[in-house]
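Oh and the sequence shown: position 7 is 6 in numbering that gives the first Met the number 0, straight run, nothing missing. What follows is a set of notes on a single structure, which appears directly below.
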Amino acid sequence: MSYQILNIDQDKKKFKQYWSYFINNYTASTRYTENFISFYLSLANTQNKSFVVIKENKVVGISFLPIEEIEGKNSISINNEFVIAPLSNDIKTEEFIYAQIDKIAKKNKVSKIKLEIDPLISIYEHHYNKL
């Protein structure tokens with residue numbers, strides 16, 4: 000079965016249910032909670048293009064995706080600062096999420112994507128450069 004995407008603007012209530020389920024059942028820090036996301040969004044004038052990824056009626060990934068205009072160019076950021084990177088339950092889903100982010104970035108003429116991996120979530124350590 001293939002992936003389905005639910006954007007926040009499609010069904011906000013269902014989106015929040017899926018998002019909440021993911022952060023409560025998979026490894027995620029407090030920075031992914033609804034309160035933190037709301038706080039981040041209050042800091043800048045953004046278009047919220049966040050989405051969840053669903054497979055077989057279960058949420059398998061989440062992506063917080065605020066798009067703002069900085070000096071005349073669109074950026075995935077908050078006040079030109081980094082935002083939390085997407086989370087997924089496996090590598091294949093992660094690749095799918097980043098492909099979706101690329102599509103959204105192209106559609107919205109985004110020139111810069113500023114994502115950071117939360118160092119408190121050690122399960123995602125394969126993302127880090129090892130010295």
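Where is the CB? At the ideal position from N, CA and C, for every residue including glycine. If you're wondering where the values come from, they're calculated on a predicted model, not measured in any experiment.
- [ ] May I have the straight-line CA-CA distance separating residue 129 from residue 66, to the nearest angstrom?
- [x] Walking along the sequence shown from the start, residue 129 turns up at place 130. Walking along the sequence shown from the start, residue 66 turns up at place 67. With a pLDDT of 41 at residue 129, under the threshold of 50, the modelled position of that residue is not reliable, and the figure given next carries that caveat. Looking at the two C-alpha atoms, the distance is approximately 30 Å.
TODO: Would you check if there are 3 or more beta carbon pairs closer than 8 Å linking the stretch 70–84 to the stretch 100–116?
DONE: yes
Open item on the list: I'd like the list of long-range same chain contacts for residue 100, defined as Cβ closer than 8 Å, with 5 residues on each side in sequence excluded.
Closed with: As a position in the sequence shown, residue 100 is number 101, starting the count at 1. Excluding five sequence positions before and after residue 100, the CB atoms of its chain that fall closer than 8 Å to its own CB belong to 62, 64, 75, 85, 112, given in chain order.
- [ ] Kindly provide the ranges of any alpha helix (DSSP H) runs that are 4 or more residues long and lie completely inside the stretch 68–116, ordered along the chain.
- [x] Runs found: 90–106.
- [ ] Please name the residue in 23, 47, 42 whose C-alpha comes closest to that of residue 60.
- [x] Along the sequence shown, read from residue 1 onward, the residue named residue 60 stands at position 61. That would be 23, whose Cα lies nearest to the Cα of residue 60.
Task: Which of helix, strand or coil DSSP assigns to residue 6 - done: Position 7 of the sequence shown, counted from the first residue, corresponds to residue 6. Strand at residue 6.
Open item on the list: Measuring only the C-alpha atoms, how far is residue 10 from residue 70?
Closed with: Counted from its first residue, the sequence shown places residue 10 at position 11. Counted from its first residue, the sequence shown places residue 70 at position 71. About 32 Å.
Open item on the list: Taking the straight line between their C-alpha atoms, what separation do you get for residue 43 and residue 96?
Closed with: The residue you call residue 43 lines up with position 44 of the sequence shown. The residue you call residue 96 lines up with position 97 of the sequence shown. Rounded to whole angstroms, residue 43 to residue 96 spans 24 Å at the Cα level.
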